[in-house]
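Numbering-wise (this note's numbering), the sequence shown opens with residue 125 and increments by one. All residues carry an ideal CB built from backbone N, CA and C; glycine is no exception. Notes to accompany the following structure.
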Amino acid sequence: MSTKTTNLYEALYKNNGIAIPTEINLITSVNPDDSCPSPYDEIIAIGDYLTIIDQDYVIFFKQLKSDNEKSDSSRNSNFLDFCRKENSDRIYDGIDSYTCFFPSMSIADSYELLSKSSPDKQGFLRGMLPENDAEYELDGKKIKYHWESGTVLKLTVTEDGEAEIYIFDQQASGANVAIKYEAQY
């Protein structure tokens, strides 16, 4: 790897808060006929990170060594980092649906991520998850917590005919959350 390329990677990693060890490895196929399709044909290995460059994006993968490190990493993530949009190719009709999975997290953990996901939500969601059904109004929003069982919570936020519905479902491996946004359209 040239000095110019090495300096580029050092600047890129430093800009993302990643310390560069003394060694940068470029992983490629030994047999060009058996190589993966681009961008997976060249993977950069630096310390605990694997990096793939795809068009104008740089994707970092970090090896997590312990369950505590995995758990801490998850809790510092954005709520929607765990979600995928349902039917993303569908024509918008006022309804958006997402499914989310929070590995090794409880309903309370995933709720905490939700409540901290935006300043708007911090303003109307309770800091602590209610243990029983609860309902209140705040700033024109009606917030309702309904425990459908000990492992399923339905949280509904309505305002001006629009609704956000969150269904938290505790599983042995983590928490599933189904999200539905309904807007007047």
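C-beta contact flag for Ile267 and Phe292 at 9 Å: no
Terminal residues of the beta strand (DSSP E) in which Tyr222 lies: 219–227
Quick one: Cα of Tyr260 to Cα of Tyr235, how far? 17 Å
Buried versus exposed call for Thr127 [16 or more other C-beta atoms within 10 Å across all chains shown]: exposed
Limits of the unbroken alpha helix (DSSP H) element including Asn131: 127–139
Run of the alpha helix (DSSP H) containing Tyr235, from where it starts to where it stops: 231–239
Excluding the 5 residues preceding and the 5 following Lys245 in the sequence, name in chain order all residues of the same chain whose CB lies nearer than 8 Å to its CB. Leu238, Ser239
Under a three-way DSSP split, which group does Glu193 fall into? Caution applies to Glu193, whose pLDDT of 45 falls short of 50 and renders its modelled position unreliable; the model cannot decide the point.
Give the straight-line distance between the Cα atoms of Thr146 and Asp165, rounded to the nearest whole angstrom. 23 Å
Just to confirm my understanding: we take Ile151, look at its own chain, exclude 5 residues before and 5 after, and list those with CB closer than 6 Å. What are they? Ile167, Ala169
What is the rounded straight-line gap between the Cα of Arg250 and the Cα of Gln308? 26 Å
Cβ pair Thr305, Ser230 closer than 9 Å: As written in the sequence, residue 305 is Tyr, which differs from the Thr given in the question. No, these two residues do not count as a Cβ contact at 9 Å.
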